[in-house]
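Student: Heads up: the sequence shown begins at 11 in the numbering used here, then just goes up one per residue. The C-beta atom is built at its ideal place from N, Cα and C for all residues, glycine as well. Fair warning: this is a prediction, and the values are worked out from it, not measured in the lab.
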Amino acid sequence: MDTQLLFLEDSYAQEAQAKIIEILPEGAVFDKTIFFYTSGGQPCDTGTIIKKAGGEKGSIIKENAGDEKNNAGAGGKEYFVKEVRKKDGKIIHFIEGAHDLQEGDEIFEKIDWEKRYKLMRMHTAAHVLASIMFKQGKIMITGNQLGEEKTRFDFNMQNYDTQFMQKCIGDANEALSQGHKVKTYSLPREEAMKIEGVVKLAGALPPSLTRLRIVEIGEIDVQADGGTHVKNTREVGKIIFEKGENKGKENRRIYFKLEK
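1) Between which two residues does the alpha helix (DSSP H) holding Y127 run?
2) Looking at the unbroken beta strand (DSSP E) that takes in E32, where does it start and where does it end?
3) Taking all protein chains shown into account, decide if N169 is buried (16 or more other Cβ within 10 angstroms of its Cβ) or exposed.
4) Looking at the structure shown, is G207 part of a helix, part of a strand, or coil, going by DSSP?
5) Given this structure, state the Cα-to-Cα distance separating F174 from D164, to the nearest angstrom.
6) Comparing C-alpha positions only, which one of A136, G147 and K29 sits nearest to Q111?
7) What does a CB cutoff of less than 6 Å around A10 pick up in its chain, not counting 5 residues either side in sequence?
8) Identify the residues that DSSP records as bridge partners of I224: which are they?
9) Helix or strand or just coil, what does DSSP make of A108?
10) Measure the Cβ-Cβ separation of T243 and V208 and say whether it is below 8 Å.
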């Protein structure tokens with residue numbers, strides 16, 4: 011049974027009910043999850059799950075702050091999800107410390123929303139900047155690492171040009187301020203690959219993918235992507251350039267952050 015990826019259906023969902031379908035040495039697999047797993051340069055979500063106490067029906071209530079975590083009580087037992095990764099086709103939720111979770115347990119999921127929203131804003135900003143770099147210089151992103159506070163872009167550029175990069179960031183900020191809507195949908199791979207610039211991260215799409223999830227940002231960008239994004243570019247704020255580096259013959263690197 012595959013895990014239903016709720017974060018792809020609604021990036022703004024912060025809580026969800028689920029059931030544990032498998033326990034592995036590394037962690038637990040759920041029937042559905044709002045926890046984004048580490049992928050495509052975007053870090054995973056962290057947060058908590060609460061196991062329903064005594065198998066009783068009804069809503070799950072979080073324990074009082076003063077309660078011991080090893081006492082399930084009437085409100086259920088809470089566990090911290092420290093990491094989420096995809097391994098052998100399974101979405102594994104790594105639980106901090108020892109746990110007594112079992113297959114069939116009903117749980118309540120809650121992500122660290124502040125972290126998620128920062129990464130949503132950063133991811134949308136990265137798409138807009140990558141699109142402008144591609145349009146203005148046919149530059150492909152060769153590596154990236156999104157962060158809550160800072161993001162890294164590696165890209166192929168024969169001669170690093172500070173003025174060019176500053177212009178790209180300026181144009182990206184202008185586009186972000188215009189309030190473009192962000193929407194997602196899926197297309198057959200063959201149809202999606204006909205869209206110019208649909209892949210801006212070199213080598214990013216495994217041949218096994220027969221359908222591609224598309225993120226469309228107004229008239230600015232259409233790109234294959236599996237991450238979480240905001241609904242409108244005005245939510246992003248402003249891209250602030252931090253520094254640029256030469257990392258090889260034609261490989262350049264920049265760091266940027268966001269200012270709300």
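Tutor: With the structure as the only source:
1) W123 to G147
2) E25 to I33
3) exposed
4) coil
5) 15 Å
6) Per the sequence shown, residue 111 should be read as Leu rather than Gln. Nearest C-alpha to L111: K29.
7) The structure shown does not extend to residue 10, since the chain is modelled only from 11 through 270, so no value can be given for it.
8) Y195 and A234
9) coil
10) no
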